[in-house]
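So the protein lines, in turn, are chains V and S. The opening position of the first sequence corresponds to residue 19 in the numbering used here, with each subsequent residue numbered one higher. The opening position of the second sequence corresponds to residue 459 in the numbering used here, with each subsequent residue numbered one higher. Backbone N, C-alpha and C define an ideal beta-carbon position, used for all residues, glycine too. Quick caveat, the model's predicted, so the values are computed rather than measured. One structure below.
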Amino acid sequence: MSDHNLTHNHEEHEHHEDNFFSKYVFSMDHKMIARQFLITGIIMGTIGMLMSLIFRLQLAYPDMKFPFLEGILGHWGKDGKLDPNFYLALITIHGTIMVFYVLTAGLSGTFSNLLIPLQVGARDMASPFMNMLSYWFFFVSSVVLLVSLFVDGGPASAGWTVYPPLSALPKAIPGSGTGMTLWLVAMVLFIASALLGGINYIATVLNMRTKGMKMTRLPLTIWAFLVTAVLGLLSFPVLLGGSLLLIFDRSFGTSFYLSEIVAEFAGGIERTGGSPILFQHLFWFLGHPEVYIILLPALGITSEVIATNSRKPIFGYRAMIGSILAIGILSFIVWGHHMFITGMNPFLGSVFMLGTLIIAVPSAVKTFNYLATLWKGNLHLTPAMMFAIGLVSFFISGGLTGIYLGNAALDINLHDTYFVVAHFHLVMGSAAIFGMLSGIYHWYPKLFGRMMNETAGHVHFWLTIISAYCVFFPMHFMGLAGVPRRYYANTAYDQFNVFVDMNEFITIAAILGGVAQFIFLANFFISIYKGKRAPQNPWNSNTLEWTAPVEHLHGNWPGEIPHVYRWAYDYSKPGAEEDFIPQNIPDAGQTDPMQEAEGLPEPSKKSVQEPVMA
Amino acid sequence: MKILNLLSKFTLVVALAFTFHLNLKAQTTEEGKALYNANCTACHAINDKVVGPALKDVHKRREEAWLIKWIKNSQALIKSGDAQAVQLYKENNEAMMTSFENLSDIEVKSIIAYIKAESEAPAAAATAAVAPTSGGNMEAANTDWNSAINWLLFIITIILVLIIATVSKILGRIGDIQGKPIINWNKTNSILLMAFLVIGLGAATWEFWAHSKHTVFSSGPASEHGGEYDSMFMVTLILTGIVFVITQVLLFWYGFKYKADGKRKALYYPDNHKIELLWTVIPAIVLTVLVIRGLMTWNAMMYNKSEKSRNIEIYAYQFGWNARYAGVDNKLGAHNFREQGKMNALGVDTNDVNAYDDVITNELHLEVNQPVDLAFRAKDVIHSALLPHFRVQMNVVPGLPTRFGFTPTVTTAEMRTKLKKPEFDYILLCNKICGGAHYRMKMKVVVDTKEDYQKWMKSQKVLVNKTTANAAAVALK
């Protein structure tokens, strides 16, 4: 640890004046980059959500005409009827945006960037320049994806999993033309962004911790971000390879993924010898760790928020680290559960099934530990805390249905039905979004130096959790009746007619949820300018970011970086004056930060700043 | 008198002829309807554009002879340079229409007759419905969203958001002035958490009661392995159900019970290795049981190829299905993907002896209690054959043979009685996104008794008829 160097760096920063571009646009400051990721993520999320409302309208009212669709979508909504091909485009882009742009970049990008340097006690990321590149690759990638909405033939329409041959052959579907090429370009840029960010996160956590910040004193957020970054670093390159081969198949006449396709259907070149299943293996080798890339940061945030607002140490800190690591490792050997019925060797199916159900054990441990943390706590039900509780609820509801789908035998009849839609929207969609919202409410004072409106936050929470359950819970039953996902309408099937009312109900609930998000958006953007000024440590939290001043400055701390003497969870320690002891407070008589603080701080030295009641 | 007699006779003849004619017409439209539903609905609808254009009034737009040529082999017609054909091809994103060489001229004509009847029927109904109203706006109001209401809703939404924002702001201000918040959110939230738990569990229970009967599990399995599948499902449902209720109740109960009241301090309780070990080991044991049970079910389903199995090939294309029966020899003839749509629609090699007695159909008929071995083949992109009532699903991948063997145990007739739905039919539907008409890509599945099955099979055409087959055999010698 070269404190000297860092201090020197920091002094350099102070001497140089920021202009508009270097402060707001090409910023290399991790806090500004976090804001950029967050706002881009929120904009993409709003677009993704509005898309889902359009296709929900179609599913609820397949026979109705909505003249305004023609206004928004042009020839894709001719006479107020959504075009079936554009329906597929909408679900594809909705999935892509939500999975990659909101819940990967928006979530990990925001909170890894904001919290890693602040919570480990570093002046900035290991490479601020790479960090800036990471954001700008992400930004360009988002623009390319949005541009693809306007090209001839429409954007990619083969589902967010873009299985070839559907995605490989422009003749297979209109969306497999220019739109698909742009999707792949966007994905390559996105992966570059994720890798640049990931290397940075890992390097910062491993090398730039302040004195006394042992790995076993890291807040669980940092553990989650670290494992997430490792997962991304190991799995995203595989998707990059997969995408490049798909570009070859599309543009240069190769047959990596194509077999027994006649020349007329494949751009004049007969394709044989490849395997469409190969792409699925490459895709899901990223795709499954990706689920945990999305979920782990949300769980990390929840751990921190629940501990802080329960005024209790997180229960089983080491078991939590263990389960994060176990989930991380196991996530690499379960991808085949997305492919049980592709005709792969049944023995291979058994292996993947075993791995998948084992992963339920660390997940269960995490859930029980959250419950034990709440038990006999002193709960401050702030909006952040409410969203964290919501996450645990969704994690249970959605996680349990994973036991059905991870079971190869049961998957046979449930695969690709609405049961799957319900499952992953609860466990990965709603849970991760709740984790992200929880993080936003909790660290908003750190991000923007102001408080969000609490009442609006609570209204937002209640409307969102009610609508999310109303939307996704009934879908289980549709799935059990065999209703397939990605259907433009169910009108062609007599036995699905019984779900007409349910579809309308779901759509109305979805619209309610959409409206609730506008309350959030208003709260978020208005509070940037008009929110109450934030105190330094609004939630009486232990972690290091709250020892930094509210006003952002390059290098995070005006003086020396605080040293760390204890773990992050000394809440309500018996005998202590306050119900929290920040990590930078030594025990009475403790001088060496590496020594474990097991006693209590000296009463006179209790805390650096005046605690403010929330 | 003579004249009268003659007249009556003449009337009789005319009447007879007319009835006969009507009857004939009814029969062709009826036959056309069946053929239309089996072959055309994947890509076409009468009034709406799906993948192909809307078929309404197609008999007015094109000549019958042209239509027959087009339907039987559209690619050949396009290649021949026919102006209409080329234009149509370009108008529809250069999507190729499947060739239907297996349809005879008479069958195509009956389909056209059905389309003609359908084109005229709804128009008449619509005129009748609109006629009594003065404005004729009724229909529009029924199917369109009145745009004024749209805007109103939109405005109300915005106003609602603004009101909530303002009220929150005012409450915050008043709270600041008074020194304590107006709404004690800690208390409010804890009560709401409890209410949410009770109402939520109530609603979930209601849902089980109200919607379970719509699932395929309520009617019981229609296949041999389905029984084991369903019992595996029930075991999982019960176990996860118990965990679901316990954990959700604890979560919301703790949220209610341990809210901060300003008097208490939280319990400092960082870990307890015994408890942690307990709740690692118990889930592990439960999951082991589920894994073992699941593996047994999975292996039973995957390795159940029986010697007696009847071989059937399921062929998928954008956007439809065909079944190919192996015939008396129970051997499917060879196929070549390059010959698809050329020699015959499925590219089956008619020179292969095994292919002679193959039968290609648009419906899947199965004999009850007779094991079948389905082999899957796709023409263009990945499809997935889902037969929910039989607990059967397998992907259909171009260039990669897949199979699934099972035994149907409940005939269509029995299932109709059981469900009290006389119009019920089993289905095979596409469950892997495959293009614009993915949502219409289905095939009717019929489970027959042995007699019915044999009767149906006899009425089907074999791929190579006996005379040709014999000639080929002679030539080979």
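Distance from the Cα of TYR506 (chain V) is smallest, within the candidate group V:VAL438, V:PRO401, V:PRO80, for V:PRO80. Taking 7 Å as the Cβ-Cβ cut-off, the region 688-720 of chain S approaches chain V at MET690, PHE691, THR694, THR698, VAL701, PHE702, THR705, GLN706, LEU708, LEU709, TYR712, GLY713, TYR716, LYS717, ALA718, given in chain order.
By the 16-neighbour rule on beta-carbons within 10 angstroms, ALA724 (chain S) is buried. Taking the beta carbon of MET759 (chain S) as reference, the chain V residues within 8 Å of it are ALA427, ILE430, listed in sequence order. At a Cβ-Cβ threshold of 8 Å, ILE332 (chain V) and ASN387 (chain V) count as neighbours. The DSSP-derived three-state label of MET226 (chain V) is coil.
Near chain V, meaning a CB-to-CB distance below 7 Å, no residue of the region 523-544 of chain S qualifies. Using a CB distance cut-off of 8 Å, LEU493 (chain S) does not count as an interface residue toward chain V. Under the Cβ criterion (8 Å, minimum of three pairs), the region 540-556 of chain V counts as touching the region 470-489 of chain V. Taking C-alpha positions only, SER448 (chain V) is separated from ILE484 (chain V) by approximately 11 Å. Between VAL839 (chain S) and GLN776 (chain S), the C-beta gap is smaller than 8 Å, which places the two residues in contact. The alpha helix (DSSP H) runs lying completely inside the region 450-532 of chain V and spanning 4 residues or more are 472-490, 493-498, given in chain order. Per the C-alpha coordinates, the member of V:GLY467, V:ILE312, V:HIS441 positioned closest to GLU563 (chain V) is V:GLY467. DSSP places THR870 (chain S) within a helical segment (H, G or I) once states are collapsed to three. Runs of the beta strand (DSSP E) lying entirely within the region 827-906 of chain S, each at least 3 residues long, are 830-836, 841-845, 850-854, 860-864, 884-888, 900-906 in chain order. Annotation: GLY607 (chain V) to ALA653 (chain S) spans about 50 Å, alpha carbon to alpha carbon. Listed along chain V, the residues sitting closer than 7 Å to GLN851 (chain S) by beta-carbon distance are ILE359, ILE430, ASN431, HIS433.
It is roughly 11 Å from the alpha-carbon of LYS732 (chain S) to the alpha-carbon of VAL739 (chain S). If you check each beta-carbon in the region 397-413 of chain V against every beta-carbon of chain S, the ones closer than 9 Å belong to LEU397, HIS398, LEU399, THR400, PRO401, MET403, MET404, ILE407, VAL410, SER411. With respect to VAL920 (chain S), VAL817 (chain S) sits close: the two C-beta atoms are nearer than 8 Å.
Among the residues of the region 886-916 of chain S, those with a Cβ less than 8 Å away from any Cβ of chain V are LEU887, CYS888, ASN889, LYS890, ILE891, CYS892, GLY893, GLY894, ALA895, HIS896, TYR897, ARG898, LYS900, in the order of the chain. Nearest CB-CB separation between VAL656 (chain S) and chain V: not below the 8 Å threshold. Listed by position along chain V, the residues whose Cβ is nearer than 7 Å to that of ILE622 (chain S) are ALA474, VAL477, ILE537.
For the region 629-647 of chain S, residues whose beta-carbon sits nearer than 7 Å to a beta-carbon of chain V comprise LEU629, GLY630, ILE641, TRP643, ASN644, ASN647. Sequence-distant partners of ASN531 (chain S) (beyond 5 residues in either direction) whose C-beta falls short of 7 Å from its own C-beta, in its chain, are SER557, GLU559. A distance below 6 Å between beta-carbons, with the five flanking residues on each side excluded, links ASN889 (chain S) to the following residues of its chain, in chain order: SER842, LEU844.
Annotation for GLU734 (chain S): the continuous alpha helix (DSSP H) segment containing it runs 731-760. Taking the Cα positions, PRO135 (chain V) is about 8 Å away from HIS48 (chain V). Scanning chain S for C-beta atoms nearer than 9 Å to the C-beta of LEU106 (chain V) yields ILE891, GLY893, GLY894, HIS896, reported in chain order. By the CB criterion at 8 Å, ILE599 (chain V) and ASN560 (chain V) fall inside the cutoff. In the DSSP assignment, THR58 (chain V) falls within the alpha helix (DSSP H) that extends over 48-78. A direct Cα-to-Cα measurement between ILE526 (chain S) and HIS517 (chain S) gives close to 11 Å.
Taking 8 Å as the threshold, the shortest C-beta distance from VAL839 (chain S) to chain V falls below it.
Interface residue (Cβ-Cβ distance to chain S less than 8 Å): TRP393 (chain V) is classified as such.
Taking the CA atoms as reference points, PHE55 (chain V) sits about 19 Å from VAL165 (chain V). The beta carbon of PRO829 (chain S) does not come within 8 Å of any beta carbon belonging to chain V, so the residue lies off that interface.
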